[in-house]
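Colleague: Position in the sequence shown (from 1) plus 8 gives the number in my numbering. Note that the Cβ used here is the ideal one computed from N, Cα and C, for glycine as well. Since the structure is predicted, the reported quantities are computational estimates derived from the model, not experimental observations.
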Amino acid sequence: MTRLYFVRHGKTQWNLEGRYQGAHGDSPLLPTSINEIKRLATYLHGIKFAHIYTSPLSRTITTAKLLDEGLGGNIPITVEQALREFDLGKMEGMTFKDVEKKYPEEVYAFRQAPAQYFPQRRINGETFTQLINRMTPMIQRAVHADTTGHANLIFVGHGAAFTATIQALLGTPLADLRKDGGLTNSSVTIIETNDNGATYHLIKWNETSFLRDK
Numbered sequence: 009m010t011r012l013y014f015v016r017h018g019k020t021q022w023n024l025e026g027r028y029q030g031a032h033g034d035s036p037l038l039p040t041s042i043n044e045i046k047r048l049a050t051y052l053h054g055i056k057f058a059h060i061y062t063s064p065l066s067r068t069i070t071t072a073k074l075l076d077e078g079l080g081g082n083i084p085i086t087v088e089q090a091l092r093e094f095d096l097g098k099m100e101g102m103t104f105k106d107v108e109k110k111y112p113e114e115v116y117a118f119r120q121a122p123a124q125y126f127p128q129r130r131i132n133g134e135t136f137t138q139l140i141n142r143m144t145p146m147i148q149r150a151v152h153a154d155t156t157g158h159a160n161l162i163f164v165g166h167g168a169a170f171t172a173t174i175q176a177l178l179g180t181p182l183a184d185l186r187k188d189g190g191l192t193n194s195s196v197t198i199i200e201t202n203d204n205g206a207t208y209h210l211i212k213w214n215e216t217s218f219l220r221d222k
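#1: Can you list, in chain order, the residues of its chain whose CB lies under 8 Å from that of Arg119, leaving out five sequence neighbours each side?
#2: Looking only at DSSP bridge pairs, what is Leu210 linked to?
#3: If you run the structure through DSSP and keep just helix, strand and coil, what is Gly78?
#4: If we ignore side chains and look at the alpha-carbon of each, how far apart do Thr171 and Leu191 end up?
#5: Check for me: the alpha helix (DSSP H) holding Asn43 runs from which residue to which?
#6: Can you find at least 3 beta carbon pairs, one from the region 39-53 and one from the region 101-117, that sit closer than 8 Å?
#7: Mapping DSSP to helix, strand and coil, what is Leu12?
#8: Answer with buried or exposed for Ser217, where buried requires no fewer than 16 other C-beta atoms within 10 angstroms of its C-beta.
#9: Which residue marks the beginning of the beta strand (DSSP E) containing Tyr116, and which one marks its end?
#10: What runs of the alpha helix (DSSP H), each 4 residues or longer, lie entirely inside the region 153-190?
#11: Is it buried or exposed, Thr68, if we count other Cβ atoms within 10 angstroms and call 16 or more buried?
#12: Is Ile60 helix, strand or coil by DSSP?
#13: Report the rounded CA-to-CA distance for Glu88 versus Pro64, giving the unit in angstroms.
#14: Out of Thr207, Arg27, Gly205 and Val196, state which residue places its alpha-carbon closest to the alpha-carbon of Tyr51.
#15: The alpha helix (DSSP H) that contains Asn23, what's its start and end?
#16: Since Lys56 contacts Asn160 with CB under 8 Å, what's their CB separation in whole angstroms?
#17: Cα separation between Gly97 and Pro112?
#18: Buried or exposed: Phe126, going by 16 or more other Cβ atoms within 10 Å of its Cβ?
#19: Would Asn193 be called buried (16 or more neighbouring beta carbons within 10 Å of its own) or exposed?
#20: Contact defined as beta carbons within less than 8 Å: I believe Gly205 pairs with Val151. What is the distance between those atoms, to the nearest angstrom?
#21: Just to confirm my understanding: we take Thr137, look at its own chain, exclude 5 residues before and 5 after, and list those with CB closer than 8 Å. What are they?
#22: Quick one: is Met99 buried, meaning 16 or more other Cβ sit within 10 Å of its Cβ, or exposed?
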């Protein structure tokens with residue numbers, strides 16, 4: 009089986025400020041995020057990883073490098089444009105409150121009803137279908153590149169994009185992509201395939217137990 013570990017980047021300044029941070033917006037990780045990523049590495053310690061694939065944005069590249077360092081520092085890292093966050097169009101950089109006031113229908117659909125999200129009309133954004141269609145081929149290529157059939161692969165990316173794409177890989181209908189909620193900063197979600205990417209099943213969703221103080 010090939011096992012896929014999807015890691016959401018550490019919390020950033022814009023996350024703290026409550027701003028939309030999509031494919032074009034970016035801000036640095038908070039100092040506390042470094043410790044959280046170290047905790048994630050400790051949680052994953054003992055697993056041999058064949059590769060790390062990361063979104064090209066600075067918040068994900070930094071997360072990927074910190075994670076690699078915490079896991080021994082010898083995992084190949086590949087930057088993949090396909091793993092970038094949703095293109096949120098005019099919502100990029102705006103605060104959640106301001107977007108809710110200006111684009112209430114789009115916000116509701118983006119968060120609650122993916123099949124009703126039509127961002128081209130007013131915000132010039134990317135649809136769920138467009139996002140899934142750009143992300144899944146890259147993930148499938150990574151799985152197909154596992155000639156051993158039992159590699160562990162890490163994908164470092166973004167909350168909204170990973171929520172949609174992981175659910176799509178699991179066969180979840182478009183309207184239900186939000187059914188299990190979103191993904192926390194520095195969380196890991198694990199799925200696996202036993203048939204070279206034809207089907208996937210869920211192992212853990214939004215695992216964050218390692219972030220809690222005992």
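Modeller: Walking through what the data contain:
#1: The answer, listed in chain order, is Arg186.
#2: Ile199.
#3: Helix at Gly78.
#4: Taken atom to atom, the span from the alpha-carbon of Thr171 to that of Leu191 is near 7 Å.
#5: Asn43: member of the alpha helix (DSSP H) spanning Pro39 to Leu52, first to last residue.
#6: A contact between stretches requires three or more CB pairs, one per stretch, nearer than 8 Å, and the region 39-53 fails this requirement with the region 101-117.
#7: Looking at Leu12 - three-state DSSP - the assignment turns out to be strand.
#8: Per the 10 Å Cβ criterion, exposed.
#9: That residue, Tyr116, is in no beta strand (DSSP E); its alpha helix (DSSP H) goes Pro112 to Gln120.
#10: You should have 167-177.
#11: Buried is the call here.
#12: Ile60: strand per DSSP, three-state reduction.
#13: Rounded to whole angstroms, Glu88 to Pro64 spans 6 Å at the Cα level.
#14: Considering only alpha carbons, the answer is Val196.
#15: Counting along the chain, the unbroken alpha helix (DSSP H) around Asn23 starts and ends at Gln21 to Glu25.
#16: With a Cβ gap of about 6 Å, Lys56 and Asn160 count as contacting.
#17: Gly97 and Pro112: Cα-Cα distance of roughly 15 Å.
#18: Classification of Phe126: exposed, given that the 10 Å Cβ count is below 16.
#19: By the 10 Å Cβ count, Asn193 comes out buried.
#20: Between Val151 and Gly205 the Cβ distance is about 4 Å, and since that is below 8 Å, they are a contact.
#21: Within the same chain, Thr137 has close Cβ partners Leu182.
#22: Buried, by the Cβ-count rule.
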